[in-house]
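Q: Chains as they are written, first to last, in UniProt numbering: chain A, 1 to 341; chain B, 1 to 341. Here a beta-carbon is modelled for each residue, glycine too, at the ideal position from N, C-alpha and C. To start, I am sharing the structure in question, which I have written as structure tokens.
There are 2 protein chains.
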Amino acid sequence: MTQAVNRQFYLAQRPSGLPTTDDVILRELPIPEPGVGEIVIRNLYMSLDPAIRGWMSDAPNYIEPIPVGSCVWATTIGRVVASNSPEFAIGDIALGMNGWEDYSLCAAEAASKIEDTMGLPLTNFLSILGSTGLTAYFGLLDIGKPQAGETLLVSGAAGAVGSLVGQIAKIIGCRVVGIAGGSQKCSWLLDECGFDEVIDYKTCGDLTAAIAEKCPDGVDIYWENVGGDMLDSVLLNLAHGARIPFCGWIATYNDAEQRPGPKNLWQLLAKSARMEGFLVLNYIPRFPEGIAAMAQWLLEGKLHHREHVVSGLENALDAFHMLFDGRNTGKLIINIGDMDD
Amino acid sequence: MTQAVNRQFYLAQRPSGLPTTDDVILRELPIPEPGVGEIVIRNLYMSLDPAIRGWMSDAPNYIEPIPVGSCVWATTIGRVVASNSPEFAIGDIALGMNGWEDYSLCAAEAASKIEDTMGLPLTNFLSILGSTGLTAYFGLLDIGKPQAGETLLVSGAAGAVGSLVGQIAKIIGCRVVGIAGGSQKCSWLLDECGFDEVIDYKTCGDLTAAIAEKCPDGVDIYWENVGGDMLDSVLLNLAHGARIPFCGWIATYNDAEQRPGPKNLWQLLAKSARMEGFLVLNYIPRFPEGIAAMAQWLLEGKLHHREHVVSGLENALDAFHMLFDGRNTGKLIINIGDMDD
Numbered sequence: 001m002t003q004a005v006n007r008q009f010y011l012a013q014r015p016s017g018l019p020t021t022d023d024v025i026l027r028e029l030p031i032p033e034p035g036v037g038e039i040v041i042r043n044l045y046m047s048l049d050p051a052i053r054g055w056m057s058d059a060p061n062y063i064e065p066i067p068v069g070s071c072v073w074a075t076t077i078g079r080v081v082a083s084n085s086p087e088f089a090i091g092d093i094a095l096g097m098n099g100w101e102d103y104s105l106c107a108a109e110a111a112s113k114i115e116d117t118m119g120l121p122l123t124n125f126l127s128i129l130g131s132t133g134l135t136a137y138f139g140l141l142d143i144g145k146p147q148a149g150e151t152l153l154v155s156g157a158a159g160a161v162g163s164l165v166g167q168i169a170k171i172i173g174c175r176v177v178g179i180a181g182g183s184q185k186c187s188w189l190l191d192e193c194g195f196d197e198v199i200d201y202k203t204c205g206d207l208t209a210a211i212a213e214k215c216p217d218g219v220d221i222y223w224e225n226v227g228g229d230m231l232d233s234v235l236l237n238l239a240h241g242a243r244i245p246f247c248g249w250i251a252t253y254n255d256a257e258q259r260p261g262p263k264n265l266w267q268l269l270a271k272s273a274r275m276e277g278f279l280v281l282n283y284i285p286r287f288p289e290g291i292a293a294m295a296q297w298l299l300e301g302k303l304h305h306r307e308h309v310v311s312g313l314e315n316a317l318d319a320f321h322m323l324f325d326g327r328n329t330g331k332l333i334i335n336i337g338d339m340d341d
Numbered sequence: 001m002t003q004a005v006n007r008q009f010y011l012a013q014r015p016s017g018l019p020t021t022d023d024v025i026l027r028e029l030p031i032p033e034p035g036v037g038e039i040v041i042r043n044l045y046m047s048l049d050p051a052i053r054g055w056m057s058d059a060p061n062y063i064e065p066i067p068v069g070s071c072v073w074a075t076t077i078g079r080v081v082a083s084n085s086p087e088f089a090i091g092d093i094a095l096g097m098n099g100w101e102d103y104s105l106c107a108a109e110a111a112s113k114i115e116d117t118m119g120l121p122l123t124n125f126l127s128i129l130g131s132t133g134l135t136a137y138f139g140l141l142d143i144g145k146p147q148a149g150e151t152l153l154v155s156g157a158a159g160a161v162g163s164l165v166g167q168i169a170k171i172i173g174c175r176v177v178g179i180a181g182g183s184q185k186c187s188w189l190l191d192e193c194g195f196d197e198v199i200d201y202k203t204c205g206d207l208t209a210a211i212a213e214k215c216p217d218g219v220d221i222y223w224e225n226v227g228g229d230m231l232d233s234v235l236l237n238l239a240h241g242a243r244i245p246f247c248g249w250i251a252t253y254n255d256a257e258q259r260p261g262p263k264n265l266w267q268l269l270a271k272s273a274r275m276e277g278f279l280v281l282n283y284i285p286r287f288p289e290g291i292a293a294m295a296q297w298l299l300e301g302k303l304h305h306r307e308h309v310v311s312g313l314e315n316a317l318d319a320f321h322m323l324f325d326g327r328n329t330g331k332l333i334i335n336i337g338d339m340d341d
């Protein structure tokens, strides 16, 4: 081990809006020791996701919020450096819900061992083969139920989840339209990811009209990533029987005040449409199926994805802000340590 | 025929809020003559439903709006008084989407003949065996998918649809909680309809807390009739995997300005819940199944329902207002004529 302390970001107080350096603070603690059935992981990579912002608030949520004073949570991949469990040996690679820190203490039963990387980089297990990819896979196939020939519209299309949703829908045979901000993102979606159409929400003018133009037969599946006014525009363009899976609303996560809901929700009735929330955690028993399918498409060259790796745990809070101002260009991952640390 | 004219309410202009006597005006026209394939019906009963308010507006809807200058639409039952179709003879009883008028001209193929009333009054075919009962039947069973032991919460519980939804859910084996306004309605739900619990929203104080108390395991199915703030309270009390079928929002139909949507819609995500709009028209091919099931439960005494019959076509507009201020005590029907007219 190259350092004698465990650097850790902890939640000092609940943020109002984007978390600041007063809310999330770096501190130094001793490196933990494993109790019975526990392991200590030297974290190598950490996944930063918009959902973490929700865990910082005490609004009703699908899990209890991060306690004030505790390490901020995140999924990490690391190397086992101490083990008090027969399940893990020193040097094993373990994945689990840990925290923004150099070293994590975790129950062996809560960690997954990655034994075969299939020749893929470890970071892929936090992105396309992790909750990001599995959110796209199960949410689209299980909740969206796409049929060949249907029109899929995806917001946050250049994001980690959105870009995979569009590409999986293309594999299924859908017509895929993405909404993204900026010409670079739009070009990537058209040229690399094979989207049929893109809408640049920064330059398109009236978004409702732009959707109507790009989706002349209506939207059969809307992958809802964003919330806010964008959802209202899409609601006016639904096809009969439309499905709206949703697993997060980036536009609203940092609102200090609760904003009003979509004005046009009544369109669900007019179009016999469905809006359905889901959590990737619901699919844990089916994760092996999803990982196998995504890995195969990836190895066959059918899925393009980007990882945006930021080096250094100390940069985690600044990097976290990228998720909300659109600066990241792919799944956001922090490189905390190296294999030989 | 006892009169030489056809009295008819027509849409003079699109209402803002509740339709007034400036919006919906009674006029006299000649009694129509049937063209080829058409029949003329002497209307006996007319169904007044909140959805008619939606058809008066030109906001995007599931059907084109009623044209300004045209007769206001409604489902009616009447006696055929002139026929230019081999499908109908004079004296047959016909049901169809007609209008607020004494005599309706309609295409024979768009009308249904009621050949066997099963000993039930004709008005039942506009209420429990009409779109009201079928909305409850298909919406609850097909969209709500109730399982024995689950908790169903229904708003507008003493209304025509809501009271049937609760009773069908009881037949399925659910625990049924109703929200209604006023002690009379609440007593009827408990004593006659067999609801397990009721919440009087006029006296309960904090509705969110009242729902939490009456639904301690959360709401598995919420039958959404009302919209507005009530939905926000229910969203905070959903069980994991909850379903929210909805087919109308009485609270919002007469809003001159669009009101904000539910603030707590994000709870659909937190609870992996589903909100799904539907129209009873989607189930037309299955209407015989629904009518047979509802008639059997009715004849077995398992369903209690009330019809609120107002006499006289001329009273239709005033009666229509009852739907929005809660004055009606059962399915609202206008008695336009008698069998011997």
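#1: Taking the alpha helix (DSSP H) that B/H321 falls in, what are its first and last residues?
#2: Evaluate B/N43 with the Cβ neighbour count: other Cβ atoms within 10 Å of its Cβ, from every protein chain shown; 16 or more gives buried, anything less gives exposed.
#3: Residues in the same chain with beta-carbon distance under 7 Å from B/W73, minus the five sequence neighbours each way, listed in chain order, please.
#4: Please list the terminal residues of the continuous alpha helix (DSSP H) segment that includes A/S16.
#5: Assess, as a yes-or-no matter, whether the region 324 to 333 of chain A is touched by the region 299 to 310 of chain A under the definition of 3 or more beta carbon pairs within less than 8 Å.
#6: Can you check whether the C-beta of A/F324 is within less than 8 Å of a C-beta belonging to chain B?
#7: Could you check whether the Cβ of B/K263 sits closer than 8 Å to any Cβ belonging to chain A?
#8: Output yes or no for whether 8 Å exceeds the beta carbon distance between A/R286 and A/I244.
#9: Just grab the DSSP bridge partners of B/E307 for me.
#10: For B/E289, does the three-state DSSP call read helix, strand or coil?
#11: Does any residue of chain B bring its CB to less than 8 Å from the CB of A/E150?
#12: Measure from the alpha carbon of B/I171 to the alpha carbon of each residue in B/K302, B/T20, B/E314, B/L18, then state which is nearest.
#13: Return the chain-ordered ranges of every alpha helix (DSSP H) run that is complete within the region 136 to 212 of chain B and spans a minimum of 4 residues.
#14: Under a Cβ-count criterion, where at least 16 other Cβ atoms within 10 Å of its own Cβ denotes burial, should B/P30 be classed as buried or exposed?
#15: With respect to the alpha helix (DSSP H) encompassing A/I52, which residues constitute its N-terminal and C-terminal limits?
#16: By the three-class DSSP mapping on this structure, what secondary structure does A/I90 have?
#17: Let me confirm a value: A/E38 is counted as buried when at least 16 other C-beta atoms fall within 10 Å, else exposed. Which label applies?
#18: In whole angstroms, give me the CA-to-CA distance for B/L26 and B/F324.
#19: What would DSSP say about B/A251, mapped onto helix, strand or coil?
#20: In chain order, what residues of the same chain lie with their CB nearer than 7 Å to the CB of B/V36, ignoring the 5 residues before and after it?
#21: Got a sec, what are the start and stop residues for the alpha helix (DSSP H) A/S233 sits in?
#22: Can you find a C-beta in chain A that's less than 8 Å from the C-beta of B/P260?
#23: Return the CA-CA distance between A/D200 and B/S131, expressed in angstroms with no decimal places.
#24: Would you list the one or two residues that DSSP bridges to B/T76?
#25: When DSSP builds the beta bridges, which residues end up paired with A/K113?
#26: For B/I179 and B/A157, which I take to be in contact (beta-carbon distance under 8 Å), what is that distance rounded to the nearest angstrom?
#27: Listing by chain order, which chain B residues have their CB less than 7 Å from the CB of A/N335?
#28: Taking only beta-carbon positions, decide if B/P15 is within less than 8 Å of chain A.
#29: Just to confirm, are B/A270 and B/N237 a CB contact at a threshold of 8 Å?
#30: Between the region 265 to 293 of chain A and chain B, which residues of the former have a C-beta closer than 8 Å to a C-beta of the latter?
#31: Quick one: give me the first and last residue of the alpha helix (DSSP H) that A/L269 is part of.
A: In this structure, then:
#1: For the purposes of this step, residue 321 of chain B is identified with residue 321 of the second sequence, where counting begins at 1. Counting along the chain, the alpha helix (DSSP H) containing B/H321 begins and ends at 316 to 325.
#2: Here residue 43 of chain B refers to the residue found at position 43 when the second sequence is read from its first residue. Counting Cβ neighbours within 10 Å, B/N43 comes out buried, since at least 16 surround it.
#3: Stepping through the second sequence from its first residue, residue 73 of chain B is reached at position 73. So the list reads I52, W55, I66, M97, G99, once near-sequence residues are dropped.
#4: In the first sequence, counting from the first residue as 1, residue 16 of chain A sits at position 16. Careful: A/S16 lies outside any alpha helix (DSSP H) and carries neither H nor E.
#5: yes
#6: Residue numbering aside, residue 324 of chain A sits at position 324 when the first sequence is read from its first letter. Proximity of A/F324 to chain B, defined by a Cβ-Cβ separation below 8 Å, is not satisfied.
#7: Here residue 263 of chain B is taken as the residue at index 263 of the second sequence, counted from 1. It does; some Cβ of chain A falls within 8 Å.
#8: Within the first sequence, numbered from 1, the residue matching residue 286 of chain A stands at position 286. Within the first sequence, numbered from 1, the residue matching residue 244 of chain A stands at position 244. Their beta carbons are not under 8 Å apart, which means A/R286 does not touch A/I244 by this criterion.
#9: Taking the second sequence and counting its residues from 1, the one referred to as residue 307 of chain B is at position 307. Paired residue(s): B/K331.
#10: Stepping through the second sequence from its first residue, residue 289 of chain B is reached at position 289. In this structure, DSSP gives B/E289 a helical state, which the three-state scheme calls helix.
#11: Numbered from its first residue, the first sequence carries residue 150 of chain A at position 150. Chain B contact via Cβ: absent.
#12: As a position in the second sequence, residue 171 of chain B is number 171, starting the count at 1. Nearest C-alpha to B/I171: B/K302.
#13: The region 136 to 212 of chain B contains these whole alpha helix (DSSP H) runs: 160 to 172, 183 to 191.
#14: Your numbering for residue 30 of chain B matches position 30 in the second sequence. B/P30 is exposed by the Cβ-count criterion.
#15: For this step, residue 52 of chain A is matched to residue 52 along the first sequence. 51 to 55 is the extent of the alpha helix (DSSP H) around A/I52.
#16: In the first sequence, the residue the question calls residue 90 of chain A occupies position 90. Three-state DSSP puts A/I90 in coil, outside helix and strand.
#17: Numbered from 1 along the first sequence, position 38 holds the residue referred to as residue 38 of chain A. With 16 or more other Cβ atoms within 10 Å, it is buried.
#18: Here the question's residue 26 of chain B lines up with position 26 in the second sequence. Here the question's residue 324 of chain B lines up with position 324 in the second sequence. Using only the alpha carbons, I get a separation of about 21 Å.
#19: Taking the second sequence and counting its residues from 1, one reaches residue 251 of chain B at position 251. Because the pLDDT of B/A251 is 49, which lies under 50, any placement of that residue in the model is unreliable, and the number read from its coordinates should be weighed accordingly. In the structure shown, B/A251 falls within a helical segment according to DSSP collapsed to helix, strand and coil.
#20: Taking the second sequence and counting its residues from 1, the one referred to as residue 36 of chain B is at position 36. Hits under 7 Å: N84.
#21: Taking the first sequence and counting its residues from 1, one reaches residue 233 of chain A at position 233. That run of the alpha helix (DSSP H) goes 229 to 235.
#22: Numbered from 1 along the second sequence, position 260 holds the residue referred to as residue 260 of chain B. It does: the Cβ of B/P260 has a partner Cβ on chain A nearer than 8 Å.
#23: Mapped onto the first sequence, residue 200 of chain A falls at position 200. Mapped onto the second sequence, residue 131 of chain B falls at position 131. Distance between the alpha carbons of A/D200 and B/S131 is about 44 Å.
#24: Numbered from 1 along the second sequence, position 76 holds the residue referred to as residue 76 of chain B. B/M46, B/G96, per the DSSP bridge assignment.
#25: For the purposes of this step, residue 113 of chain A is identified with residue 113 of the first sequence, where counting begins at 1. Its beta-bridge partners are A/A94.
#26: Translated into the one-based positions of the second sequence, residue 179 of chain B becomes position 179. Translated into the one-based positions of the second sequence, residue 157 of chain B becomes position 157. Between the beta-carbon of B/I179 and that of B/A157 there is about 6 Å, and that keeps the pair under the 8 Å contact cut.
#27: For this step, residue 335 of chain A is matched to residue 335 along the first sequence. In chain order: nothing, as chain B lies at least about 30 Å away.
#28: Residue numbering aside, residue 15 of chain B sits at position 15 when the second sequence is read from its first letter. No, no contact with chain A.
#29: The sequence position of residue 270 of chain B within the second sequence is 270, counting from 1. The sequence position of residue 237 of chain B within the second sequence is 237, counting from 1. Not a contact, by the Cβ cut-off of 8 Å.
#30: L265, W266, Q267, L268, L269, A270, K271, S272, A273, R274, M275, E276, G277, F278, L279, N282
#31: Taking the first residue of the first sequence as 1, we reach residue 269 of chain A at position 269. It spans 267 to 270 - the alpha helix (DSSP H) in which A/L269 sits, taken as one unbroken run.
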